[in-house]
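Worksheet for the structure shown next.
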Amino acid sequence: MTRLRTLALTAAAALSLTLTGCGLPERIVHLQDAPTVEHTGAPLRADAAERIAARVLGEVAAAESADERRAAIYGPAMRVINAREEADVVSGTTSDVVVPTAPTVIALSEGEEWPRAILAATLDQETQVQSVHVLVSTGPASPFRLYATAPMFAGTSVPSLGALADGADFERATDEEPIDQSAILEEYAKAVAFPAPEEESADVSVEDPFADSLRANAKAQSDALDDLANLKQTNRAIPDSVTSFRTAGGGSLIFGQMVREDVITLTDKAKELTIDNEVLQELSGKEKVTKRFTTESLKNLLFIQPADGPATLIGAEEIVLRASGE
Numbered sequence: 004m005t006r007l008r009t010l011a012l013t014a015a016a017a018l019s020l021t022l023t024g025c026g027l028p029e030r031i032v033h034l035q036d037a038p039t040v041e042h043t044g045a046p047l048r049a050d051a052a053e054r055i056a057a058r059v060l061g062e063v064a065a066a067e068s069a070d071e072r073r074a075a076i077y078g079p080a081m082r083v084i085n086a087r088e089e090a091d092v093v094s095g096t097t098s099d100v101v102v103p104t105a106p107t108v109i110a111l112s113e114g115e116e117w118p119r120a121i122l123a124a125t126l127d128q129e130t131q132v133q134s135v136h137v138l139v140s141t142g143p144a145s146p147f148r149l150y151a152t153a154p155m156f157a158g159t160s161v162p163s164l165g166a167l168a169d170g171a172d173f174e175r176a177t178d179e180e181p182i183d184q185s186a187i188l189e190e191y192a193k194a195v196a197f198p199a200p201e202e203e204s205a206d207v208s209v210e211d212p213f214a215d216s217l218r219a220n221a222k223a224q225s226d227a228l229d230d231l232a233n234l235k236q237t238n239r240a241i242p243d244s245v246t247s248f249r250t251a252g253g254g255s256l257i258f259g260q261m262v263r264e265d266v267i268t269l270t271d272k273a274k275e276l277t278i279d280n281e282v283l284q285e286l287s288g289k290e291k292v293t294k295r296f297t298t299e300s301l302k303n304l305l306f307i308q309p310a311d312g313p314a315t316l317i318g319a320e321e322i323v324l325r326a327s328g329e
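At the far end of the sequence shown sits residue 329, using the working numbering, and the numbering has no gaps.
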């Protein structure tokens, strides 16, 4: 006989998860001397880059309308900022406008060609969250806008990218043309699948706070479901989200995004699944399902890839995007 047992979906599966850094802005960058190589140098002076970064990030913080956001933000950064805003709307909360500390410019792209990029870091004084940002200009008539952004884990730092005047190699992927660092995102996506990794790679580590949290939450959810339902988590990398700066030591600082899909499928031992979380109810339009329940979440990620050894995640946030059920 089918057990009439109601399953409650935990709030942990629905809430935006952010694991971020704290500390002083100086801790973001290692200030040791870096080896220099022959190249054409950065296209901007440091003081000009600092003024641009302050202007752009100030516009991002103050943007309220869609037009204001488009004027200051595009690309992967627009994806994550729109997701944050939608999460606020669905949950009925309003995020405070945060004006960060004056940005610290970490690196400038190398050479005179376009696109040109500025890598900057900020500290949220209220939350003590450190974030790094990529500002990009695509041409002489195109102003710099925020292209990528990511928070950092506590206790992590970005290695030296060399002298600002030297510039650093900058790359970004498109849907049609991946870059070498795109493979890191693909491999991480496969490695953090549940109940078992789709594939494991020696090129990327999954020993980080974010992966630990994902595994712990998934196991807790699966244990709670017992034999009444099965949980499966898969991830797909977003090709055009991958952006990279070359570090002074020959490694890479990599920004990237992926979408995680959670599917809970009821077995014949359960009659229904009750959706207790109000955010998931709002997104799915369901309070109960009898077959399956699916959620999708955006992962916004930041990796350090050393010249030798596996890439390691140093920053991440997760925002629920959508939910459906039947």
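Beta carbons are placed, not taken as given, at the ideal position from N, Cα and C, and that holds for glycine.
Can you tell me where the alpha helix (DSSP H) holding Ser185 begins and where it ends?
Working through the sequence shown from its first residue, we reach residue 185 at position 182. Element bounds for Ser185: Ser185 to Ala194.
Write down every uninterrupted run of the beta strand (DSSP E) in the stretch 167–244 whose length is 3 residues or greater and which is fully enclosed by it, in chain order.
Segments of the beta strand (DSSP E) lying fully in the stretch 167–244: 173–175 and 232–240.
To the nearest angstrom, how far is the alpha carbon of Asn238 from that of Ala168?
Looking up residue 238 in the sequence shown gives position 235. Looking up residue 168 in the sequence shown gives position 165. Going by the C-alpha atoms only, they are around 39 Å apart.
I'd like the list of long-range same chain contacts for Ser204, defined as Cβ closer than 7 Å, with 5 residues on each side in sequence excluded.
Here residue 204 is taken as the residue at index 201 of the sequence shown, counted from 1. Cβ neighbours of Ser204 beyond the five flanking positions: Glu190 and Ala194.
Excluding the five sequence neighbours on either side, which residues of its own chain have a C-beta within less than 7 Å of the C-beta of Ile241, listed in chain order?
Counting from one through the sequence shown, the residue named residue 241 turns up at place 238. Closer than 7 Å at the Cβ level, and outside the excluded window around Ile241, lie Gln260, Met261 and Val262.
Strictly by DSSP, which residues pair up with Phe306?
Translated into positions along the sequence shown, residue 306 becomes position 303. DSSP lists Ile257 and Leu316 as partners of Phe306.
Is the stretch 149–158 touching the stretch 75–82 in the sense that three or more CB pairs, one from each, lie closer than 8 Å?
yes
On the three-state DSSP scale, how would you describe Pro154?
Taking the sequence shown and counting its residues from 1, the one referred to as residue 154 is at position 151. Strand.
Is the beta carbon of Asn303 sitting closer than 7 Å to the one on Glu320?
Looking up residue 303 in the sequence shown gives position 300. Looking up residue 320 in the sequence shown gives position 317. Yes, the Cβ-Cβ distance between Asn303 and Glu320 is below 7 Å.
Would you be able to state if there are at least three C-beta pairs under 8 Å between the stretch 153–160 and the stretch 269–277?
no
What separation, rounded to the nearest whole angstrom, lies between the Cα atoms of Glu299 and Thr246?
Taking the sequence shown and counting its residues from 1, one reaches residue 299 at position 296. Taking the sequence shown and counting its residues from 1, one reaches residue 246 at position 243. Cα-Cα distance, rounded: 23 Å.
Excluding sequence positions up to five away, which residues of its chain have a Cβ less than 6 Å from the Cβ of Asp172?
Counted from its first residue, the sequence shown places residue 172 at position 169. Apart from sequence neighbours up to five positions away, the residues of its chain that approach Asp172 with a beta-carbon distance below 6 Å are Glu113 and Arg249, ordered along the chain.
Three-state secondary structure (DSSP) at Ile76?
Against the sequence shown, residue 76 aligns to sequence position 73. Three-state result, Ile76: strand.
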